[in-house]
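Below is one structure; the comments refer to it alone.
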């Protein structure tokens, strides 16, 4: 059977493109960020109203003008437990510069259990009781931890799925604090 | 002509390459091996093994995780009336540490695990095949993230048979006296 040489060339080119694309995406995926998250970047963070553990009604808009680290977590999530003390430190360090860490507990545990969990980890930032609708607005939150970094202008700077290093988290915090700063200065 | 064909083919292949799913997170899955029909005798307890497989790269908590907040793997079987489900045996978890908590040992199942279920039909059960239904609750994680607790259906069939006729002892006989 005689093969058309141009088909072989085209197939080889296509294979090369797929391999290059695959390697590129594999490198990108070493720092977890999903497609939905990429689409949310630069977009206004979905507004929400949730109850905090201490019974207060909290709106995302309450934090406008601050860099927000919005962390979706659950009591059954071990990686969440690792990064929460880092958030405590970051809140202490960058709070004076305008950082606000906000935790959203997305599990069926009772508020008492969530409260105990947070207290054991020394959480020094508001923890809100999550709702499915809020999770949906943020892309479904199919796994945890999931963290959104929101600039001072209320736009999503980055979204990270899964546990990443403390230094990567800190980089994102700096980005969130820097983003929208010009807008603030103009006001 | 050949140039056009090449260009069209290249465009098709390129769009196929780009439309490949962006490598992201895989979703964990736990599956159960088919359970061969097991014959169980009325009135007698019979052990049935249920073998579960966890997709590569994931783990689930064992039945006795090392933290009160972690969700244990647990099986619940709803049996028909007169078929008693006895003890469910869980294997001990593997003590493992993960990149997200290198200093902490978690008790987990990885790759596969087998649960033992004791089934005992009462003597009143009509012999025949019975389907037992239940669900396995588990919560999976990979090396960086955790997935919400899930329940998977667990179904298996047993064939209930009559036990062997009761062994009758010969009634005590008075010694024959041969005169």
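Residue numbers (the numbering used here), protein chains in the order written: chain D, 291 to 477; chain Y, 37 to 215. Each residue gets a CB set at the ideal place from its N, CA and C atoms; glycine is no exception.
Residue i versus residue j - alpha carbon distance
{"i": "residue 414(D)", "j": "residue 347(D)", "result": "17 Å"}
{"i": "residue 468(D)", "j": "residue 136(Y)", "result": "28 Å"}
{"i": "residue 170(Y)", "j": "residue 99(Y)", "result": "16 Å"}
{"i": "residue 315(D)", "j": "residue 174(Y)", "result": "Residue placement at residue 315(D) is flagged as unreliable, the pLDDT there being 41, under the threshold of 50; the coordinate-derived value follows with that caveat. Their backbone Cα atoms lie some 31 Å apart in a straight line."}
{"i": "residue 354(D)", "j": "residue 335(D)", "result": "11 Å"}
{"i": "residue 351(D)", "j": "residue 360(D)", "result": "13 Å"}
{"i": "residue 138(Y)", "j": "residue 144(Y)", "result": "14 Å"}
{"i": "residue 466(D)", "j": "residue 141(Y)", "result": "34 Å"}
{"i": "residue 452(D)", "j": "residue 195(Y)", "result": "46 Å"}
{"i": "residue 332(D)", "j": "residue 103(Y)", "result": "39 Å"}
{"i": "residue 190(Y)", "j": "residue 156(Y)", "result": "18 Å"}
{"i": "residue 418(D)", "j": "residue 365(D)", "result": "13 Å"}
{"i": "residue 381(D)", "j": "residue 151(Y)", "result": "45 Å"}
{"i": "residue 134(Y)", "j": "residue 459(D)", "result": "19 Å"}
{"i": "residue 342(D)", "j": "residue 416(D)", "result": "7 Å"}
{"i": "residue 62(Y)", "j": "residue 390(D)", "result": "31 Å"}
{"i": "residue 90(Y)", "j": "residue 385(D)", "result": "42 Å"}
{"i": "residue 404(D)", "j": "residue 397(D)", "result": "9 Å"}
{"i": "residue 181(Y)", "j": "residue 454(D)", "result": "10 Å"}
CB contact flag (residue i, residue j, <8 Å)
{"i": "residue 338(D)", "j": "residue 435(D)", "result": "no"}
{"i": "residue 107(Y)", "j": "residue 113(Y)", "result": "no"}
{"i": "residue 441(D)", "j": "residue 388(D)", "result": "no"}
{"i": "residue 199(Y)", "j": "residue 77(Y)", "result": "yes"}
{"i": "residue 438(D)", "j": "residue 449(D)", "result": "yes"}
{"i": "residue 66(Y)", "j": "residue 96(Y)", "result": "yes"}
{"i": "residue 94(Y)", "j": "residue 68(Y)", "result": "no"}
{"i": "residue 161(Y)", "j": "residue 83(Y)", "result": "no"}
Boundaries (first-last residue) of the beta strand (DSSP E) holding residue i
{"i": "residue 105(Y)", "result": "Element bounds for residue 105(Y): n/a, residue is neither H nor E."}
{"i": "residue 87(Y)", "result": "82-90"}
Where the alpha helix (DSSP H) containing residue i begins and where it ends
{"i": "residue 384(D)", "result": "368-384"}
{"i": "residue 407(D)", "result": "401-410"}
{"i": "residue 463(D)", "result": "456-468"}
{"i": "residue 425(D)", "result": "422-427"}
- Task: Mind checking the stretch 441-462 of chain D against chain Y and listing, in chain order, the residues whose C-beta falls within less than 9 Å of any C-beta there?
- Result: Against chain Y - using a Cβ distance shorter than 9 Å - the residues of the stretch 441-462 of chain D are 451, 452, 453, 454.
- Query: Which residues, in chain order, does the stretch 390-410 of chain D contribute to contact with chain Y at a C-beta distance below 7 Å?
  - Reply: Of all residues in the stretch 390-410 of chain D, 407 have a Cβ within less than 7 Å of some Cβ in chain Y.
- Taking a cut of 9 Å between CB atoms, which residues from the stretch 364-377 of chain D lie near chain Y? Shown in chain order are the members of the stretch 364-377 of chain D whose Cβ falls below 9 Å from a Cβ of chain Y: 364, 365, 366, 367, 368, 369, 370, 371, 372, 373.
- May I ask you to list, following chain order, the residues of the stretch 123-140 of chain Y that have a beta carbon less than 9 Å from some beta carbon of chain D? For the stretch 123-140 of chain Y, the beta-carbon criterion of a distance under 9 Å to any beta-carbon of chain D is satisfied by 134, 135, 136, 137, 140.
- Message: Going residue by residue through the stretch 125-205 of chain Y, where are the continuous beta strand (DSSP E) segments of at least 3 residues, counting only ones entirely within it?
- Response: Within the stretch 125-205 of chain Y, the complete beta strand (DSSP E) runs of at least 3 residues are 130-134, 137-146, 148-157, 164-174, 186-197.
- Message: Any C-beta of chain D within less than 7 Å: which residues of the stretch 94-107 of chain Y qualify?
- Response: Of all residues in the stretch 94-107 of chain Y, those with a C-beta nearer than 7 Å to a C-beta of chain D are 105, 106, 107, reading in chain order.
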